[in-house]
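Read left to right, the sequence shown gives residues 5 to 292 (the working numbering). Even for Gly, the Cβ is constructed at its ideal location relative to N, Cα and C. None of these values were measured; they are calculated from a predicted model. For reference, the structure is listed below as structure tokens.
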Amino acid sequence: MRKLLTMLLCLTMLLGIAPGYAAEDVFTVDAAQAASGGWEESHIASSLTTDRSYLRVACTLDSEVPVTLSIADENGSLVYQRDHGLCSGKFRSEDIYLRLSGSQTTYHVTLWTGDSSYQFPLRRVMPRLSGNAACSVGFPLSQLSGANTWKSATILDVYALEGSSLTVPLHASDAYEIGTVTFRISGGALTVSADISGSVDGSIDKSTVYVATTALEAQDLGRKSFSGPTGKLDRAIDLMGAPYVAVYVNLTVSFDPTSAPASPAVTLNGQDALWQQMQTTTANEAVG
């Protein structure tokens with residue numbers, strides 16, 4: 005086993021990939037090719053963008069020259085610098101980790117090769133998120149079912165919404181607002197639609213709509229034990245004469261987080277009062 009681990013480590017070093025991350029997570033930049041404009045001895049490149057965690061800088065040198073690579077953050081503070089000594093031919097730096105703060109972080113990279121230098125800003129962004137959870141904003145599931153989750157359901161006054169609609173934000177990954185969810189009630193049936201905002205690069209991959217017609221059913225929303233009506237987006241669901249319903253819109257989405265604003269609060273105004281009315285109605289029906 006020890007011999008096998010040693011062989012794997014040696015292979016990793018030969019490939020130039022440090023243990024702990026994959027080759028796909030390295031962004032390689034040829035400094036000379038990236039550069040455009042500038043002066044005779046200094047080339048300034050346009051901004052580059054990557055969603056990868058590591059940077060590798062490469063350059064072809066015509067003669068043996070001293071090479072120094074430095075990286076500064078947005079405030080000009082040095083975060084990396086290395087003197088590579090005299091180099092010739094094909095130069096390639098080690099893989100340098102670029103920390104991501106928030107949804108994007110800009111770095112300023114400078115490669116000195118003798119009397120020349122290549123400079124370019126590099127913007128590191130979050131990778132596209134795939135298979136993430138999203139739901140309509142409304143009332144926390146944790147308060148309905150006691151589940152340890154950030155997700156929420158939306159409680160509707162069926163009679164008040166008959167013949168009309170209600171639109172609420174679409175909340176994703178407990179961090180982003182990526183669109184809207186619209187509830188329409190007509191003839192005692194509910195149709196739910198969801199839309200990704202035009203400014204957000206995203207898609208809805210899967211959908212299931214769970215409708216609790218009583219407070220007891222609402223306590224099982226988000227659980228496998230839920231036994232109430234279920235359906236899909238844009239398909240009518242019979243509410244069976246219920247005056248109040250709690251709707252859990254369970255979506256799977258993919259999106260670019262850099263194009264999505266921060267999400268609003270999970271709870272909408274008035275939802276707590278509707279939940280209390282739904283509980284009272286369920287209790288009265290059980291007694292009557």
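| Buried/exposed call for Y214, threshold 16 Cβ in 10 Å | Y214 is classed as buried because its beta carbon has at least 16 other beta carbons within 10 Å across all chains shown.
| task | Give the straight-line distance between the Cα atoms of V83 and Y122, rounded to the nearest whole angstrom. | result | So the two alpha carbons sit approximately 18 Å from each other.
| field | Cross-strand partners of F187 (DSSP beta bridge) | value | In the DSSP secondary-structure assignment, F187 is bridged to L170 and V196.
| task | Assuming L243 contacts G192 (C-beta within less than 8 Å), just tell me the rounded distance between them. | result | Sure, about 5 Å apart at Cβ, within 8 Å.
| task | Indicate whether V33 and A62 have their beta-carbon atoms separated by less than 9 Å. | result | Taking 9 Å as the Cβ cut-off, V33 and A62 qualify as a contacting pair.
| Whole alpha helix (DSSP H) runs in the stretch 225–265 with 4 or more residues, listed along the chain? | Entirely contained in the stretch 225–265, not one alpha helix (DSSP H) run reaches 4 residues.
| said: I'd like the span of the alpha helix (DSSP H) that includes S107, first residue to last. | reply: Taken as a continuous stretch (DSSP letters only), S107 belongs to no alpha helix (DSSP H), as it is neither H nor E.
| Would you say the stretch 226–233 touches the stretch 104–112, given that touching needs at least three Cβ pairs under 8 Å? | Segments in contact, no.
| Thinking just about the alpha-carbon of each residue, which of S81, T53 and H88 is nearest to the one in P70? | The shortest Cα separation from P70 among S81, T53 and H88 belongs to H88.
| task | State the DSSP-derived secondary structure class of G41, mapped to helix, strand or coil. | result | Reliability of the predicted coordinates at G41 is poor, the pLDDT of 40 falling under 50, and the value obtained from them is presented with this limitation in mind. Assigned with DSSP and collapsed to three states, G41 falls in coil, not helix or strand.
| Do you know how far the Cα of P131 is from the Cα of L73? | If I take the Cα positions, the gap works out to 26 Å.
| Complete beta strand (DSSP E) runs within the stretch 130–162 (minimum length 3 residues, chain order) | Segments of the beta strand (DSSP E) lying fully in the stretch 130–162: 133–140 and 156–161.
| request: State the Cα-Cα distance for the pair A269 and V141, rounded to the nearest angstrom. | output: The alpha-carbon atoms of A269 and V141 are separated by roughly 8 Å.
| field | Cα-Cα separation between G135 and A36, rounded to whole angstroms | value | Going by C-alpha positions, G135 is about 38 Å away from A36.
| Minimum C-alpha distance to T285 - residue among F230, D66 and E221 | Closest by alpha carbon: E221.
| message | Between the alpha carbons of V249 and E78, how many angstroms are there, rounded? | response | One C-alpha to the other measures close to 49 Å.
| Between the stretch 270–281 and the stretch 187–205, do three or more beta carbon pairs fall short of 8 Å? | Output reads no: the stretch 187–205 does not touch the stretch 270–281.
| query | What are the start and end residues of each continuous beta strand (DSSP E) run of 3 or more residues lying completely inside the stretch 64–95, in chain order? | reply | You should have found no qualifying run.
| Buried or exposed by the 16-neighbour rule on C-beta atoms within 10 Å, applied to T53 | Exposed, since its Cβ has fewer than 16 Cβ neighbours within 10 Å.
| request: Return the CA-CA distance between R86 and G106, expressed in angstroms with no decimal places. | output: Each residue's Cα considered, the two are about 27 Å apart.
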